[in-house]
Amino acid sequence: SQQGEEDPQALSIQEGENATMNCSYKTSINNLQWYRQNSGRGLVHLILIRSNEREKHSGRLRVTLDTSKKSSSLLITASRAADTASYFCATDYSNDMRFGAGTRLTVKP
Amino acid sequence: NAGVTQTPKFQVLKTGQSMTLQCAQDMNHEYMSWYRQDPGMGLRLIHYSVGAGITDQGEVPNGYNVSRSTTEDFPLRLLSAAPSQTSVYFCASRVAVFSYNEQFFGPGTRLTVL
Numbered sequence: 007s008q009q010g011e012e013d014p015q016a017l018s019i020q021e022g023e024n025a026t027m028n029c030s031y032k033t034s035i036n037n038l039q040w041y042r043q044n045s046g047r048g049l050v051h052l053i054l055i056r057s058n059e060r061e062k063h064s065g066r067l068r069v070t071l072d073t074s075k076k077s078s079s080l081l082i083t084a085s086r087a088a089d090t091a092s093y094f095c096a097t098d099y100s101n102d103m104r105f106g107a108g109t110r111l112t113v114k115p
Numbered sequence: 010n011a012g013v014t015q016t017p018k019f020q021v022l023k024t025g026q027s028m029t030l031q032c033a034q035d036m037n038h039e040y041m042s043w044y045r046q047d048p049g050m051g052l053r054l055i056h057y058s059v060g061a062g063i064t065d066q067g068e069v070p071n072g073y074n075v076s077r078s079t080t081e082d083f084p085l086r087l088l089s090a091a092p093s094q095t096s097v098y099f100c101a102s103r104v105a106v107f108s109y110n111e112q113f114f115g116p117g118t119r120l121t122v123l
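Those protein sequences? They're chains D and X, same order as listed.
Position in the first sequence (first residue = 1) + 6 = our numbering.
Position in the second sequence (first residue = 1) + 9 = our numbering.
Next up, the structure:
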């Protein structure tokens with residue numbers, strides 16, 4: 007079964023607003039990664055947070071990790087229409103990486 | 010530097026046919042993997058390889074075979090295609106297993122089995 011589960015499944019916001027997506031997972035991890043997928047394309051890596059880190063920033067992205075709750079969140083600030091895509095969390099442990107079902111983000115101009 | 014390449018981009022098969030999806034990377038990555046993505050779902054791991062000559066099963070390996078004779082190539086073979094294998098297939102690579110590195114994904118192969 008898939009390791010991570012994103013919430014919400016779909017999110018629609020206006021340009022300029024912030025978007026928050028959550029991810030819950032089931033087992034211990036080495037790190038957790040977030041990926042973005044534009045319609046009909048492959049996944050592109052956004053950010054990686056190690057299991058001993060609690061927060062990480064990259065540009066307009068902010069990721070938090072709570073290993074005690076087995077959860078992570080991705081915040082996109084000041085969203086743009088070009089941020090419209092699906093966002094996936096991926097948990098990394100042992101020999102493979104497992105993905106959740108994703109959050110479909112729509113940013114309206 | 011082409012990254013991860015996949016061929017073909019689209020394929021239509023009849024039930025029972027076999028075919029090979031090609032994947033290659035030019036980044037000298039040790040680790041390569043195959044995923045399938047079905048509508049409304051995330052990616053599910055089919056097979057992976059931690060280096061040339063070494064492969065292992067992922068979450069949904071049934072109906073698929075892989076081999077890794079070189080570092081660069083990691084083909085996925087469908088032995089006898091079934092409609093349930095209609096999906097988008099992604100190949101990915103990363104520097105190594107147990108590394109704090111991201112995976113790089115190919116553009117995908119959209120497969121339809123009639």
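Positions of the beta carbon are idealized from the N, C-alpha and C atoms, including for glycine.
These numbers were taken from a predicted model, which means no experiment stands behind them.
Under 9 Å between beta-carbons, which chain X residues line up against residue i? List them in chain order, please.
i: Asp102 (chain D); result: Ser42, Leu54, Tyr57, Asp65, Gly67, Glu68 and Val106
Quick one: what's got a C-beta closer than 7 Å to residue i's C-beta in the same chain, skipping five residues either side?
i: Gln8 (chain D); result: Any answer about Gln8 (chain D) is weak, because its pLDDT of 48 lies below 50 and its placement is not dependable; what the coordinates show is given next. Answer for Gln8 (chain D): Arg104, Phe105, Gly106 and Ala107, listed in chain order.
i: Val59 (chain X); result: Glu39, Tyr40 and Val106
i: Thr90 (chain D); result: Leu111, Thr112 and Val113
i: Asn74 (chain X); result: Arg86 and Leu88
List, in chain order, every chain D residue whose beta-carbon is nearer than 7 Å to that of residue i.
i: Met36 (chain X); result: The premise fails here: Met36 (chain X) is roughly 13 Å from chain D at the closest Cβ pair, so nothing lies under 7 Å.
i: Tyr73 (chain X); result: None at all; the shortest Cβ gap to chain D is about 15 Å.
Are the Cβ atoms of residue i and residue j separated by less than 9 Å?
i: Lys18 (chain X); j: Arg119 (chain X); result: yes
i: Gln9 (chain X); j: Gly117 (chain X); result: Since the displayed chain X opens at 10 and closes at 123, residue 9 (chain X) lies outside it and no answer follows.
i: Thr82 (chain D); j: Ala16 (chain D); result: The identity of residue 82 (chain D) in the sequence shown is Ile, whereas the question assumes Thr. The answer is no: Cβ separation not under 9 Å.
i: Ser42 (chain X); j: Ser102 (chain X); result: yes
i: Asn37 (chain D); j: Glu12 (chain D); result: no
i: Phe83 (chain X); j: Gly12 (chain X); result: no
i: Tyr93 (chain D); j: Gln43 (chain D); result: yes
In chain D, which residues lie with their C-beta within 9 Å of the C-beta of residue i?
i: Gln20 (chain X); result: Those do not exist, as Gln20 (chain X) stays about 15 Å from chain D at its closest Cβ, beyond 9 Å.
i: Phe83 (chain X); result: Near Phe83 (chain X) there are no residues of chain D at all, since even the closest Cβ is about 14 Å away, more than 9 Å.
In the DSSP assignment, the beta strand (DSSP E) including residue i goes from what residue to what residue?
i: Lys23 (chain X); result: From DSSP, Lys23 (chain X) is part of no beta strand (DSSP E); its letter is neither H nor E.
i: Ser96 (chain X); result: Ser96 to Arg103
i: Cys104 (chain D); result: According to the sequence shown, residue 104 (chain D) is Arg rather than Cys. Element bounds for Arg104 (chain D): Asp102 to Phe105.
i: Gln15 (chain X); result: Val13 to Thr16
i: Leu52 (chain X); result: Leu52 to Gly60
i: His38 (chain X); result: Note, His38 (chain X): premise wrong, no beta strand (DSSP E); not H, not E.
Which word fits residue i, buried or exposed, when buried means at least 16 other C-beta atoms lie within 10 angstroms of its C-beta?
i: His56 (chain X); result: buried
i: Val21 (chain X); result: exposed
i: Leu123 (chain X); result: exposed
i: Ser93 (chain X); result: exposed
i: Arg86 (chain D); result: exposed
i: Glu23 (chain D); result: exposed
Can you pull the chain X neighbours of residue i, defined as C-beta to C-beta under 8 Å?
i: His51 (chain D); result: Glu111, Gln112 and Phe113
Using a Cβ-Cβ cutoff of less than 6 Å, which residues in the same chain neighbour residue i once the five nearest sequence positions on both sides are dropped?
i: Gly10 (chain D); result: Cys29, Tyr31, Cys95, Thr97 and Gly106
i: Thr70 (chain D); result: Glu61 and Ser79
Residues in its own chain within less than 8 Å of residue i by CB, not counting five upstream and five downstream?
i: Ile19 (chain D); result: Ala25, Ser85, Leu111, Thr112, Val113 and Lys114
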